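This report concerns only the one structure given below.
There are 2 protein chains.
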Amino acid sequence: MSASDYAALTPGSLPARLGGLDLLTRRIGPAEGWQVEEVGDGNLNLVFILRGSLGAAIVKQALPYVRLVGESWPLPLKRSFFEYHALQRQAARDPGSVPELWHFDEAQALIVMEYLSPHIILRHGLIAGKRYGGLGERLGQFCARTLFRGSDLSMKAAEKKADLALFAGNIELCDITENLVFSDPYFEAALNRHTPGLEAAVARLRGDLALKVAAQHLKMAFTSQAETLLHGDLHTGSVMVSERDIRVIDPEFATYGPIGFDIGMLMANFLMACLAQPGHAESPGARSGYQSWLLSVTAAVWTSFEAEFTRLWREERQGILYQATLYEDQRHGLASEIARGERLGAIWRDALGFCGVEIHRRILGLAHNADFERIDDVALRAACEARALALGTALIHSRHTLSGTQALLDLAARVNTEDHL
Amino acid sequence: MSASDYAALTPGSLPARLGGLDLLTRRIGPAEGWQVEEVGDGNLNLVFILRGSLGAAIVKQALPYVRLVGESWPLPLKRSFFEYHALQRQAARDPGSVPELWHFDEAQALIVMEYLSPHIILRHGLIAGKRYGGLGERLGQFCARTLFRGSDLSMKAAEKKADLALFAGNIELCDITENLVFSDPYFEAALNRHTPGLEAAVARLRGDLALKVAAQHLKMAFTSQAETLLHGDLHTGSVMVSERDIRVIDPEFATYGPIGFDIGMLMANFLMACLAQPGHAESPGARSGYQSWLLSVTAAVWTSFEAEFTRLWREERQGILYQATLYEDQRHGLASEIARGERLGAIWRDALGFCGVEIHRRILGLAHNADFERIDDVALRAACEARALALGTALIHSRHTLSGTQALLDLAARVNTEDHL
Chain L
1 MSASDYAALT PGSLPARLGG LDLLTRRIGP AEGWQVEEVG DGNLNLVFIL RGSLGAAIVK
61 QALPYVRLVG ESWPLPLKRS FFEYHALQRQ AARDPGSVPE LWHFDEAQAL IVMEYLSPHI
121 ILRHGLIAGK RYGGLGERLG QFCARTLFRG SDLSMKAAEK KADLALFAGN IELCDITENL
181 VFSDPYFEAA LNRHTPGLEA AVARLRGDLA LKVAAQHLKM AFTSQAETLL HGDLHTGSVM
241 VSERDIRVID PEFATYGPIG FDIGMLMANF LMACLAQPGH AESPGARSGY QSWLLSVTAA
301 VWTSFEAEFT RLWREERQGI LYQATLYEDQ RHGLASEIAR GERLGAIWRD ALGFCGVEIH
361 RRILGLAHNA DFERIDDVAL RAACEARALA LGTALIHSRH TLSGTQALLD LAARVNTEDH
421 L
Chain U
1 MSASDYAALT PGSLPARLGG LDLLTRRIGP AEGWQVEEVG DGNLNLVFIL RGSLGAAIVK
61 QALPYVRLVG ESWPLPLKRS FFEYHALQRQ AARDPGSVPE LWHFDEAQAL IVMEYLSPHI
121 ILRHGLIAGK RYGGLGERLG QFCARTLFRG SDLSMKAAEK KADLALFAGN IELCDITENL
181 VFSDPYFEAA LNRHTPGLEA AVARLRGDLA LKVAAQHLKM AFTSQAETLL HGDLHTGSVM
241 VSERDIRVID PEFATYGPIG FDIGMLMANF LMACLAQPGH AESPGARSGY QSWLLSVTAA
301 VWTSFEAEFT RLWREERQGI LYQATLYEDQ RHGLASEIAR GERLGAIWRD ALGFCGVEIH
361 RRILGLAHNA DFERIDDVAL RAACEARALA LGTALIHSRH TLSGTQALLD LAARVNTEDH
421 L
């Protein structure tokens, strides 16, 4: 099928175009009874909820441009192909972590999958002040399983190299990350915007030469450290939660990159959720307990990642790195544990750096997040954002020396009490 | 053409099979007058010198197995494809650094190229005690140009990702490096062999847990740090020299990897050449001045790499990393220089580590080098090799702290005076 066959779906056209899919009608009922609602609130794609007499489905279709910006910024449909392949791998590497995949149409750049209900986007829950049991633990586990099992620690070398080559084709979405995350925030790029009142904080940040150097070292790590298949965009808008279930969605930015990337991005989004809480508090201080909970979730992401990574290292290290042949089989199990500790140290340092740049770009770049955006009081929003910027800078500068999660929480708690405008 | 059309050339069959190539007959004369000699002394391939009435050519053909081992170790013909593509890129990135390419036949896995005369393999010259003006300088320059220009510092991101994907197909040759360089030397692998008398030194090395950890960190860097297109096997047997010319050959191990890899491997081979000299001396001490020269060449590889990398950083940094937009254009040229210094520091540390493992594997693994192998006196050979092993270990352990080339030379000079058996 050629690219010219592609046509964006509408609620009106959807039943006629997908009604012939047996797999879909068996699960949700015949097309005559379908109700279709377009619900996409992300930056890039169309998302439809499709309800039938027997059940519901999600239909996600890529648009040939960036939805947030419009047709002036074309973006290839092929991202849907990478999303589908990433979802497949995540489902295999951490069963139950992503929506069940029902159908993929490459030419139409559409994926049909399980409709998660009564799930909501995690970010919305965090703005509303909701708590979810085991949240950080589950997401840390997801990171460990997908990142360990997509790397040379686990895969056959030939399969890892084939996947590296496959996902190296996800050029345009990597380009977005490369520019929007790692470069734009650090100079007055055309697509940037920031809350009025942040001018002094922004000037300090953009005048910090060591920070600008570090951000580019991190960019080089992102473009060159092809350690594992990343989700690539693992923020709290890419997680769906209910009281009993946690799922990860939207891996269209998937690419091979550093193990610390997804973890750092996730921690950044919990830290931002925390620092944004004064803007959502019912009364001054009403969210301080909730802020502490968000800090504990941030820490749990790491501690859970570390624990599961350790378990996998000990039980599933079947790749070409740190082989048992060299260690355990030579009665040098201690060397294996030394190597694991040092490797986790390197991942931690990377994660702190990526955490810092993710915070910066969500406040200074193109793609902001609702945690801050939904604070109507502009002065209050700027005050919250300035604290987050300062924390991001601190994490980048201290990434080689910060000792662990408690030190990280101490920094965040401290910055939360200060004026960084 | 299918793989079954492949047939290994022989001196007898070569004129009939290549005599129809116009490009070749124009350059070296008609096939009727050709004289063919098989001269391959490497580990993997057939190499023919083809002499005609007008000139000469080299015909290099891959065999479907490892020549050093035999048909029991199959190796895909496709390595010839990667060698050809690597040679093309090296020729473009550092004109005049490789033999001129005349013809490539993918199905026959053969490359026809310029015959270099009166060049000899550099390693043979070093064993004979010959000096070549500007040797380290030229090779350092080659590393800087090919490694800088094959990276995200220089290339368009999409082209770099396409090349990363292309060379990710060079699976089997990477597998050789992954096993033979980074793992086998550190345990009693089946293919290993070493000089009698080294037993105590080998036991110390294989009992050094921190070393075994570091070697695997370096292996992970090799498999994951996809920074640039490497030569992949840049030892002194991959360099041809005359009094006036220096060329690099045999890049069939080409893959994306860490910038420091080629540099470290090259330095390792000069250091081994140096430490092997007592085995080639006409009388005791007769080669000590030559040893000093080899140390100066080792240092020159790095200083020349550093100087040329610096020039390219300042003049050709057109890739997506450390962009002028962020630095020079913001009057933050200082940040660009800080970044360059830190990046060179990281390359230096990597290079020292790779230097160490390359020394170890040439003495303990499958593929030894003539520098040591041609020392007939087994006890003397073992004494030289033990010093090299100790130096390799020292470089790996001190790679994060060793201050520069002088410190490196001091270690090598010191080890050369000691007994490390």
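Residue numbers (UniProt numbering), protein chains in the order written: chain L, 1 to 421; chain U, 1 to 421. All C-beta atoms, glycine included, are put in the ideal place defined by N, C-alpha and C. Bear in mind the structure is a predicted one, so any value in this text is a computation, not a measurement.
* Asked: When the Cα of residue 57 of chain L is compared with those of L:64, L:226 and L:25, which residue comes out closest?
  -> L:25
* **C-beta neighbour in chain U for residue 322 of chain L, strict 9 Å** => yes
* Over what stretch of residues does the beta strand (DSSP E) that includes residue 38 of chain L continue unbroken? -> 35-38
* Within its chain, find whatever has a CB closer than 8 Å to the CB of residue 2 of chain L; leave out the 5 residues flanking it on each side and keep chain order. => Low confidence applies to residue 2 of chain L: its pLDDT is 48, below 50, so where it sits in the model is not reliable, and the reading given next is rough at best. These residues qualify, in order along the chain: 107.
* Buried/exposed call for residue 283 of chain U, threshold 16 Cβ in 10 Å -> exposed
* Under a Cβ-count criterion, where at least 16 other Cβ atoms within 10 Å of its own Cβ denotes burial, should residue 407 of chain L be classed as buried or exposed? -> exposed
* For residue 255 of chain L, which residues does DSSP report across the bridge? -> L:230
* Is residue 31 of chain L helix, strand or coil by DSSP? -> helix
* To do: Out of U:69, U:36, U:18 and U:149, state which residue places its alpha-carbon closest to the alpha-carbon of residue 319 of chain U.
  => U:149
* Compare the C-beta of residue 261 of chain U against all C-beta atoms of chain L and say whether one is closer than 9 Å. => no
* Pairwise C-alpha distance: residue 196 of chain L and residue 403 of chain L -> 35 Å
* **For residue 58 of chain L, three-class secondary structure by DSSP** => strand
* For residue 1 of chain U, three-class secondary structure by DSSP -> Any answer about residue 1 of chain U is weak, because its pLDDT of 40 lies below 50 and its placement is not dependable; what the coordinates show is given next. In the structure shown, residue 1 of chain U sits in coil (DSSP, three-state: anything other than H, G, I, E or B).
* Whole-angstrom distance between residue 288 of chain L and residue 257 of chain U, CA atom to CA atom -> 47 Å
* To do: Could I get the ranges of all uninterrupted beta strand (DSSP E) runs contained in the stretch 86-163 of chain L, with 3 residues as the minimum, in chain order?
  => 101-105 and 110-114
* Which whole-angstrom value is the C-beta distance of residue 209 of chain L and residue 334 of chain U, which I expect to be below 8 Å? -> 6 Å
* To do: Report the neighbours of residue 330 of chain L on chain U: residues whose CB is nearer than 7 Å to its CB, in chain order.
  => 187
* Exposure label - residue 95 of chain L; buried when at least 16 CB within 10 Å -> exposed
* **Contact list for residue 338 of chain U against chain L, beta-carbon separation under 8 Å** => 209, 210 and 213
* Name the DSSP bridge partner or partners of residue 225 of chain L? -> U:225
* Spell out whether any CB of chain U is found under 9 Å from the CB atom of residue 334 of chain L. => yes
* Along chain U, in chain order, which residues have C-beta atoms closer than 9 Å to that of residue 296 of chain L? -> None at all; the shortest Cβ gap to chain U is about 32 Å.
* Asked: Looking at the C-beta of residue 1 of chain L, does it have a partner C-beta in chain U at a distance below 9 Å?
  -> Low confidence applies to residue 1 of chain L: its pLDDT is 41, below 50, so where it sits in the model is not reliable, and the reading given next is rough at best. Not an interface residue.
* To do: Return the residues of the stretch 343-358 of chain L that lie within a Cβ-Cβ distance of less than 9 Å from chain U, sorted by chain order.
  => 343 and 346
* **Candidates U:240, U:301 and U:205, of which the one nearest residue 265 of chain U by Cα** => U:301
* **Interface positions of the stretch 242-254 of chain L facing chain U (Cβ-Cβ less than 8 Å), listed along the chain** => none
* Run through DSSP, which three-state label would residue 45 of chain L get? -> strand
* Asked: Using a C-beta to C-beta distance shorter than 7 Å, which residues of chain U count as neighbours of residue 225 of chain L?
  -> 224 and 225
* Sequence-distant residues of its chain with Cβ nearer than 6 Å to residue 27 of chain U (five each side left out) -> 55
* Whose C-beta lies closer than 6 Å to the C-beta of residue 172 of chain L among residues of the same chain, with five residues either side of it excluded? -> 75 and 76
* Thinking C-alpha only, which one of U:389, U:5, U:375 and U:376 is nearest residue 420 of chain U? -> U:389
* Limits of the unbroken beta strand (DSSP E) element including residue 74 of chain L -> 70-74
* Asked: Sorted by chain position, which residues of the same chain lie with C-beta nearer than 6 Å to residue 228 of chain U's C-beta, five sequence neighbours on each side aside?
  -> 147, 150, 151 and 259
* For the beta strand (DSSP E) containing residue 239 of chain L, list its first residue and its last residue. => 239-241
* Asked: For residue 171 of chain L, which residues in chain U fall below 9 Å Cβ to Cβ?
  -> 157, 158, 161 and 162
* Contiguous alpha helix (DSSP H) assignments of at least 4 residues, all confined to the stretch 266-328 of chain L -> 288-316
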